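The block underneath contains the structure these notes are about, expressed in structure tokens.
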Amino acid sequence: MCADTLERVPSRSRRARVEDVHEIALGMPHVTTEQGGAGNPVYQVGRKSFVFFRTPRPDAFDPETGEGFDDVIVIWVPSADDKLALTQDADSPFFTTPHFDGHLSVLVRGSRIPELTLTELTEVIQDGWLSRASATRARQWLAEHGPAATKSE
Numbered sequence: 019m020c021a022d023t024l025e026r027v028p029s030r031s032r033r034a035r036v037e038d039v040h041e042i043a044l045g046m047p048h049v050t051t052e053q054g055g056a057g058n059p060v061y062q063v064g065r066k067s068f069v070f071f072r073t074p075r076p077d078a079f080d081p082e083t084g085e086g087f088d089d090v091i092v093i094w095v096p097s098a099d100d101k102l103a104l105t106q107d108a109d110s111p112f113f114t115t116p117h118f119d120g121h122l123s124v125l126v127r128g129s130r131i132p133e134l135t136l137t138e139l140t141e142v143i144q145d146g147w148l149s150r151a152s153a154t155r156a157r158q159w160l161a162e163h164g165p166a167a168t169k170s171e
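So this is what it looks like as structure tokens:
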């Protein structure tokens, strides 16, 4: 996770909820919401997706049961290093699939969002927004929030 985009708010240490994904994404500037083919929300900045609720696909499934996941959320990340940092620990709620090889995004099941704090979820979504926003919008957002508001605790 990229510490320089984390907002310092003491109450953010509570466990995250799926509803927070929507609130955080919509709280970023210049965000529009599109509807995917199944009515799933797709959050965009400058017509570029940074968070979307994925429809069930055959590549995301429980390896023990073979049952497909129906609650996968895709979040863009700034770099391959960030993706690796989030997915390399088998206990992390973040994961990837071969379908997303070479794609700067991570997957997380909605059912595992509570394993994250609100601070952690906020950081990942803000990083996703920053990675997809125009350079001007990203600079402006970082300038408005200042270094103290974007550092990890």
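Offset between the sequence shown (1-based) and the working numbering: plus 18. Beta carbons: idealized from backbone N, C-alpha and C, even for Gly. All values reported here derive from a predicted model rather than from experimental measurement.
**Message:** Applying the 10 Å Cβ sphere with the 16-neighbour rule, what's the burial state of D100?
**Reply:** buried
**Request:** State the DSSP-derived secondary structure class of R130, mapped to helix, strand or coil.
**Result:** helix
**Asked** Taking T50 as the reference, which of L160, G86, R150 and Q158 has the closest Cα?
**Response** R150
**Asked** Leaving out the 5 sequence neighbours to the left and right, which residues in its chain are closer than 8 Å to P132 when beta-carbon positions are compared?
**Response** R33, A34 and R35
**Item:** Collapsed DSSP secondary structure at G86 in the structure displayed
**Value:** strand
**Where the alpha helix (DSSP H) containing V39 begins and where it ends** = V36 to G45
**Prompt:** Among G64, E37, N58 and E52, which has the Cα closest to the Cα of A153?
**Reply:** G64
**Prompt:** Measuring CA to CA, which of V124, E52 and T83 is closest to A98?
**Reply:** V124
**Delimiting residues of the alpha helix (DSSP H) encompassing Q144** = L136 to R150
**Request:** Decide if Q144 is buried, meaning its Cβ has at least 16 other Cβ atoms within 10 Å, or exposed.
**Result:** buried
**Asked** In three-state terms, what does DSSP make of A74?
**Response** According to the sequence shown, residue 74 is Pro rather than Ala. Note: P74 maps to coil in three-state DSSP.
**Message:** Considering only the alpha carbon of each residue, which of K66, Q62, V90 and T83 lies closest to R75?
**Reply:** V90
**Request:** Less than 8 Å between the CB atoms is what I'm expecting for V39 and L148, so what's the real figure, rounded?
**Result:** About 16 Å; that fails the 8 Å criterion.
**Item:** Cα-Cα separation, V69 to E41
**Value:** 12 Å
**Prompt:** Excluding the five sequence neighbours on either side, which residues of its own chain have a C-beta within less than 7 Å of the C-beta of G128, listed in chain order?
**Reply:** V36, D89 and I91
**Item:** Which listed residue (F79, A78, F71 and V142) has its alpha carbon closest to that of G57
**Value:** F71
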